[in-house]
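Q: Just dropping this structure here.
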Amino acid sequence: MNKTIRLPGLPAILSTAALCAMLSATPASATPILAITGPGSVQPGAALQLSVTASGLADLYAYQFDILFDVTRFNVDSVASGGFLGTAGSSFFDAGLVDNTTGVVTLVFESLIGPVPGASGGGTLALLNLSALPGAAGGSAGFSLANVTVYDAALDPVNVALQAHAVAVPEPSAWLLALAGLAALGAQAARRSQRSTGRSPASMA
Amino acid sequence: MQHPSRRTTGPVASLTSIAALVGAALAVAVTSAAAQSRTDIHRDAATRNVGNDPFMLQYARAFYCNLPDNNNQIVINSRGWNNTTGTGANAIYRIAPTQIFDDVWFVGNHYVGQYMIKTADGFVQADAANNANEVATFNHPALVQLGLSDAYPLKAVFLTHGHGDHDGGAAWLKTNLGAQIVLGSADAAGKSYAPTTLDSADLSMRPMSIGGKNFWVLPTPGHTPGSTSAVVEVMDHGKPVRVLMNGGQSMSSNSIPAVASYLDSIERTYVMVKALNVEGVMTPHIYWDGEGEKLRQILATGRSNPSQHVYGHDSVVRQMVVARECSAAWLSRLDATTVLPVWRYNRLEFQHASPLPSRMAVKASNGWGPLVNQTVTFQHADSGATCTAQTNAAGVATCASPFGPFRPGIDRITASYAGAAGSEFVDLPAMVAGTVGNGCSDLAAARSAIGSRSGQARYVDRLDADGNGVIDVRDVASIARNMAAGTRCS
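Below you can see the structure in the form of structure tokens.
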């Protein structure tokens with residue numbers, strides 16, 4: 004049987020072409036974005052690493068920000084340079100001051116050194132290493148940037164858009180239920196194995 | 033004697049009660065400045081010239097200005113500390129012999145004391161206490177404990193002036209220990225101890241060997257006609273330090289010629305202190321400029337390195353400028369026809385990331401604000417190469433053109449301001465020297481100050497590159513941009 008291939012009609016072709024043209028055209032200069040990125044969930048008591056990433060930057064020379072976090076669910080263990088600014092030359096980074104009581108990392112900053120052009124494009128500015136508190140209540144923990152200042156190589160301020168991030172921490176009951184379910188599945192698998200071989204797992208050398 | 037109320041007994045509470053009286057006097061100064069009398073202009077100038085030095089504000093500025101501040105009570109109070117016997121209610125103000133330099137010991141009380149200087153072959157003492165009994169009871173035993181003997185005698189006593197609380201024991205020291213007594217000629221008349229005189233009419237600074245110890249003496253009439261100030265070089269933790277002994281500290285309460293002489297003497301002392309690079313003080317009236325507090329620190333925690341009596345050259349010079357303004361204030365009060373320009377102490381401070389091989393910048397300022405449109409000269413110490421620049425509206429002069437290259441950690445740059453004189457102000461010369469650096473120390477300093485605001489303890493003005501009153505990453509970046517590309521700081 005011949006299979007008939009229906010070709011898209013002219014309107015569809017034109018609309019598709021228009022869409023392609025729009026996507027391929029040089030975009031109007033977009034506001035650079037500083038965002039907190041990383042996993043969307045973590046188990047209580049587990050370690051977590053989030054990143055402060057930048058995109059759409061041109062000539063970044065120096066930055067400074069605070070990081071706000073949910074102190075009821077997370078502790079910040081350390082902050083480290085993400086290395087993006089260092090792609091433009093030697094830099095001077097400071098991990099800021101961590102306060103696990105108020106939930107703020109203050110005054111994280113970095114600057115290039117020397118009369119050099121700034122870094123352009125995007126990358127990771129800083130890495131945030133955290134621990135999810137073991138006994139914390141389940142829910143969504145927010146991470147956001149505050150008091151952000153960004154400068155180009157002329158030391159003029161650069162406007163940036165900020166994007167926050169949320170990390171889900173499961174409820175303890177849901178977590179235990181999940182563990183129980185996993186345990187049951189494991190036990191069931193062991194019984195099937197025992198029936199098929201006629202031997203108990205302990206007798207299998 | 034009137035003692036201000038105190039919570040505890042002892043000299044500490046009495047001495048620190050000075051602070052309350054100083055505060056009251058300064059409050060008067062602030063409000064009086066608005067009246068703009070010549071007296072108040074100079075009192076205000078004295079305060080401005082103190083700079084950010086609460087210790088100088090509490091002591092030197094308060095006492096040099098006690099008369100124009102109408103605050104003579106702080107001097108009257110101090111006389112109650114003049115214990116000469118070691119007994120009685122004010123015996124608590126005696127100070128045990130205390131080593132203040134490698135070769136100098138203080139003996140006396142919180143009102144007035146003497147300095148015992150060890151030389152290669154004997155002692156030289158500055159001043160001679162209140163009376164014979166005091167030197168016999170305190171000074172002589174101290175000298176014996178320090179090694180007084182026939183082979184190591186008290187060779188001479190230099191008297192700052194002829195008042196009884198300074199020469200009271202001179203006769204005993206001469207008679208019993210054979211010491212030569214040296215006194216300004218204008219105070220020598222009628223002295224039973226027949227001093228060796230130095231000519232008070234010759235107002236030049238000159239070297240003089242006293243008991244084999246080199247002194248630079250400077251007749252400074254005013255407190256008395258024969259007051260003589262001196263500079264001696266002593267040793268502090270193995271390093272030579274030049275210290276000032278002020279010839280006479282308080283002004284006449286009512287004699288215009290005496291106060292005019294005092295003012296002239298302070299101005300010449302300023303010149304001497306600068307010329308000899310004086311860094312420390314040994315003043316007989318130790319309450320005047322805070323040396324009493326320094327002695328209490330030594331007794332409590334030991335002599336620091338450098339000694340607590342090393343105030344630093346800038347501080348000693350600044351103290352003389354404060355004293356000059358206080359003198360001008362009092363003379364203006366006594367003689368309304370006196371119109372004197374204000375002396376302004378100026379300061380040069382290397383700015384962030386300077387000096388560097390490619391950039392030198394200093395900020396010139398004083399207690400009135402930045403020095404604008406003034407010439408600063410940078411000079412490389414080794415080659416003598418110079419570069420001049422004008423200060424901008426923020427008082428910053430920058431030489432951006434390299435006349436190096438210079439080597440970080442090795443080459444030294446001097447920045448100098450020649451000063452200026454006008455009818456209203458005399459802007460005093462200033463200088464600063466620094467070793468060419470790579471900027472990392474400034475970055476480290478900025479890291480420590482980040483987030484601080486003007487007025488806060490962590491805030492450092494010279495690191496605030498954009499002058500917005502807060503140290504932030506823009507200031508860090510401003511420092512960093514002037515460093516060599518590729519520099520790595522730990």
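The listed protein sequences derive, respectively, from chains X and S.
4 is the number of the first residue of the first sequence in the numbering used here; add one for each residue after it.
33 is the number of the first residue of the second sequence in the numbering used here; add one for each residue after it.
The beta-carbon is built from N, C-alpha and C at its ideal position, and this holds for glycine as well.
Predicted, not measured: the structure shown is a model, and the values here were computed from it.
Terminal residues of the continuous beta strand (DSSP E) containing W137 of chain S?
A: Segment V136 to N141, the beta strand (DSSP E) holding W137 of chain S.
Q: To the nearest angstrom, how far is the alpha carbon of S181 of chain S from that of N171 of chain S?
A: About 14 Å.
Q: Starting from C521 of chain S, follow the alpha helix (DSSP H) in both directions and report where the run begins and ends.
A: Careful: C521 of chain S lies outside any alpha helix (DSSP H) and carries neither H nor E.
Q: Could you list the residues in the region 105-121 of chain X with a C-beta less than 9 Å from some C-beta on chain S, going in chain order?
A: Correct list: T109, L110, F112, E113, S114, L115, I116, G117, P118 and V119.
Q: Quick one: measure Cβ to Cβ for L209 of chain S and P227 of chain S, integer angstroms, because I've assumed they're closer than 8 Å.
A: Incorrect: roughly 15 Å between the Cβ atoms, too far for contact.
Q: Could you say which of S:A361, S:W137 and S:V353 lies nearest to N398 of chain S if we only look at CA atoms?
A: It is S:V353 whose Cα lies nearest to the Cα of N398 of chain S.
Q: Where does the unbroken alpha helix (DSSP H) through R70 of chain S begin, and where does it stop?
A: Its alpha helix (DSSP H) spans residues R70 to V82.
Q: Within the 9 Å Cβ cut-off, does T333 of chain S reach chain B?
A: Among the protein chains in the structure shown, which are X and S, there is no chain B.
Q: Using a threshold of 8 Å, is the CB atom of V305 of chain S nearer than that to any non-hydrogen atom of the ligand ADP?
A: Absent from the structure shown: the ligand ADP. Ligands present: none.
Q: Which residues bound the alpha helix (DSSP H) around I442 of chain S?
A: Element bounds for I442 of chain S: n/a, residue is neither H nor E.
Q: Which residue's Cα is closest to the Cα of P461 of chain S: S:T409, S:R444 and S:R506?
A: Residue S:T409 is the option with its Cα nearest to P461 of chain S.
Q: Spatial neighbours of Q281 of chain S within its chain, please: C-beta separation below 6 Å, excluding the five flanking residues on both sides.
A: Closer than 6 Å at Cβ, skipping near neighbours: H317 and W320.
Q: What alpha helix (DSSP H) runs, 4 residues minimum, are completely inside the region 185-252 of chain S?
A: Segments of the alpha helix (DSSP H) lying fully in the region 185-252 of chain S: 196-199 and 202-209.
Q: Please list the residues of the region 472-491 of chain S that have a C-beta atom closer than 7 Å to any C-beta atom in chain X, keeping them in chain order.
A: Answer in chain order: L475, R479, I482 and G483.
Q: Quick test of the definition: if touching needs 3 or more C-beta pairs under 8 Å, does the region 138-150 of chain X touch the region 72-91 of chain X?
A: The region 138-150 of chain X vs the region 72-91 of chain X: in contact.
Q: For S293 of chain S, count neighbouring C-beta atoms within 10 Å of its own C-beta (all shown protein chains included) and say buried if the count is 16 or more, exposed if not.
A: Buried.
Q: For H412 of chain S, which residues does DSSP report across the bridge?
A: H412 of chain S pairs with S:I445.
Q: Any Cβ of chain X within less than 9 Å of the Cβ of G518 of chain S?
A: Yes, because at least one Cβ of chain X sits closer than 9 Å to the Cβ of G518 of chain S.
Q: For R494 of chain S, which residues in the same chain have their Cβ closer than 8 Å to its Cβ, ignoring the five residues on either side in sequence?
A: Taken in chain order, the residues that qualify are E381, F382, Q383, H384 and K395.
Q: Helix, strand or coil, according to DSSP, for T148 of chain S in the structure here?
A: One point to set straight first is that residue 148 of chain S is Met, not Thr, in the sequence displayed. Three-state DSSP puts M148 of chain S in a strand.
Q: For N522 of chain S, which of S:N470, S:T229, S:Q422 and S:N246 has the nearest alpha-carbon?
A: The question names Asn, but residue 522 of chain S is Ser in the sequence shown. Closest option to S522 of chain S, Cα to Cα, is S:N470.
Q: Which of the three DSSP states, helix, strand or coil, is assigned to V502 of chain S?
A: Here V502 of chain S sits in strand by DSSP.
Q: Thinking C-alpha only, which one of S:H198, S:N246, S:M237 and S:R391 is nearest A220 of chain S?
A: With distances taken between Cα atoms, A220 of chain S lies closest to S:H198.
Q: Counting only beta-carbon atoms, is F77 of chain X nearer than 9 Å to chain S?
A: Chain S contact via Cβ: absent.
Q: Can you find at least 3 beta carbon pairs, one from the region 417-432 of chain S and one from the region 370-377 of chain S, that sit closer than 8 Å?
A: The region 417-432 of chain S, when compared against the region 370-377 of chain S, does not touch it at the 8 Å Cβ threshold.
Q: Quick one: is T260 of chain S buried, meaning 16 or more other Cβ sit within 10 Å of its Cβ, or exposed?
A: Burial call: buried.
Q: Assign T41 of chain S to buried or exposed, taking buried as 16 or more other Cβ atoms, counted over all protein chains shown, within 10 Å of its Cβ.
A: Confidence is the limiting factor: at T41 of chain S the pLDDT is only 33, short of 50, which leaves the residue's position unreliable, though a coordinate-based value still follows. The residue in question, T41 of chain S, is exposed, as its Cβ has fewer than 16 Cβ neighbours within 10 Å.
Q: Can you list, in chain order, the residues of its chain whose CB lies under 6 Å from that of N162 of chain S, leaving out five sequence neighbours each side?
A: Counting only Cβ-Cβ distances below 6 Å, and skipping sequence neighbours, we find T116, D197 and G200.
Q: Taking only beta-carbon positions, decide if M515 of chain S is within less than 9 Å of chain X.
A: So yes, M515 of chain S belongs to the interface.
Q: Given a cut-off of 9 Å, decide if A174 of chain S and W113 of chain S are closer than it, judged by their beta-carbon atoms.
A: Contact: no.
Q: From the DSSP output, in three-state form, read off L180 of chain S for me.
A: Correct three-state label for L180 of chain S: coil.
Q: For R439 of chain S, go through chain X and note every residue whose CB falls closer than 8 Å to its CB, in chain order.
A: The contacting residues do not exist; R439 of chain S stays about 18 Å from chain X at best.
Q: For the region 496-508 of chain S, which residues have a CB atom closer than 7 Å to at least one CB atom of chain X, in sequence order?
A: Here the close residues are D504, V505, R506 and V508.
Q: Pick helix, strand or coil for Y66 of chain X, following the three-state DSSP scheme.
A: DSSP places Y66 of chain X in strand when its eight states are reduced to three.
Q: Using the Cα positions of N278 of chain S and D155 of chain X, report the straight-line distance between them to the nearest angstrom.
A: N278 of chain S and D155 of chain X: Cα-Cα distance of roughly 56 Å.
Q: S93 of chain X versus chain S: which residues are under 7 Å apart at the beta carbon?
A: The answer, in chain order, is G518, T519 and R520.
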